[in-house]
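Here's the structure, in structure tokens; my notes come after.
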Amino acid sequence: MKAIALFSGGLDSTLAVKLVKDQGIEVIALNIDIGFGSTKSKLEHMRDMCDQIGVELRTLDIRDQYLRDILFNPKYGYGKNFNPCIDCHGNMFKIAKELMEPWGASFLISGEVVGQRPMSQRRDALDLVTGLSDTDDILLRPLSAKALPPTLPEREGWVDREKLLGITGRNREVQLRMAEEIGLRDFEKPGGGCLLTDENFSKKLAEFIKYDTLEVEDIALLKCGRHMRLPDGAKLVIGRHKEDNEMIEAAITPKYRKIRLLNATGPISAISANASDADKALAAKLTATYGKTKPEESYEVEVGDEVFKVHPFDSKEPCQKYFIKT
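Counted from 1, the sequence shown has number 348 at position 130 by our numbering; the numbering is strictly sequential.
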């Protein structure tokens with residue numbers, strides 16, 4: 219007997235997999251990448267969780283499909299921010315269902331807990347998700363199973379319902395106790411997850427799509443740096459630290475030009491490739507202001523294949539008016 223688990227790497231999905239695996243069922247942990255994971259080391263963390271509970275991790279990149287079909291036209295709308303959670307979950311379960319036959323699986327697993335999240339895990343929302351994905355009878359939620367009607371795997375005796383749980387609500391005492399009992403190490407604390415539920419990120423995303431069409435390649439740059447909109451409309455992203463600089467440099471696409479200080483230590487920045495000369499000059503000055511520089515001195519700043527000589531602002535206060543409001 220084999221099952222596919224929708225796997226985020228979080229505590230709930232890890233424990234849900236563990237509960238079913240401990241009943242002698244082979245579980246494949248499937249992480250579906252929609253592009254909005256919040257941590258750089260997410261894949262490494264998921265592998266660690268799977269190694270600790272002894273299951274195989276598989277990943278599936280659906281970023282293009284998610285942008286095309288889900289993010290901007292959700293049937294059930296958005297949560298508090300830019301998060302179409304019901305449609306997103308339904309889409310992922312539908313995709314997982316399509317993999318059941320080629321992967322030899324008989325049912326699906328989810329780490330959802332009734333009442334834990336205000337949009338996607340209300341009791342009625344869970345039904346909407348299974349309706350969207352046509353998975354009503356084959357989707358097992360082990361952490362809340364006893365609070366829900368028995369599913370096919372329970373009725374057929376593939377899993378013992380008595381060994382499942384009936385957790386409801388937002389309190390995580392049961393999950394934390396389970397993690398301690400099984401010796402689970404370095405698991406994620408509550409509150410992480412999808413960036414679309416983050417207010418600041420959602421505002422940056424909403425501002426971006428006023429000026430441009432969001433493509434998969436744009437997402438990485440939205441996750442890092444200080445974001446500014448310059449007077450002639452150019453987008454500027456300035457690194458805050460070494461990790462940001464590395465992320466910005468790796469995320470630059472033909473839509474952007476790289477900015478760097480030539481004769482001082484400073485951040486890496488990215489500016490819209492179609493920026494006006496005035497915006498490029500301002501971007502050079504802003505980048506220099508966030509470097510190890512002195513306002514009374516002149517610095518060379520490379521913007522794409524051009525070099526600008528600029529003086530930094532006297533302080534960072536003038537920079538504030540260009541920040542995207544989040």
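Backbone N, C-alpha and C fix where the C-beta goes; we use that ideal spot for every residue, glycine too.
In terms of Cβ geometry, Thr415 and Asn301 form a close pair [threshold 7 Å]. Here Arg395 carries a helix assignment [DSSP, helix/strand/coil]. As for any alpha helix (DSSP H) of minimum length 4 sitting wholly inside the region 488-527, the runs are 495-507, ordered along the chain. Collapsing the DSSP output to three states places Met446 in a strand. Annotation: Gly242 to Val377 spans about 9 Å, alpha carbon to alpha carbon.
Of the other Cβ atoms in all chains shown, fewer than 16 fall within 10 Å of the Cβ of Ile427; this residue is therefore exposed. Within the same chain, Ile288, Pro292, Lys293, Tyr294 come within 6 Å of Asp305 by CB-CB distance, once the 5 residues on both sides are set aside.
For the 7 Å CB-CB criterion, Met318 and Leu224 do not form a contact. About 5 Å separates the beta carbons of Ile385 and Val331, which is inside the 8 Å limit, making them a contact pair. Cβ-Cβ distances below 8 Å link Ser362 to Glu330, Val331, Val332, Leu383, Gly384, Ile385, Thr386 in the same chain, with the five nearest sequence neighbours on each side left out; the list follows chain order. Straight through space, the alpha carbons of Ala468 and Met396 are spaced by roughly 39 Å. For Val273, no alpha helix (DSSP H) encloses it, and the DSSP letter there is neither H nor E.
When DSSP reads this structure, Thr277 sits in a beta bridge with Asn249.
Distance from the CA of Met446 to the CA of Lys453, rounded to the nearest whole angstrom, comes to 6 Å.
Leu326 is bridged by DSSP to Ile222, Leu357.
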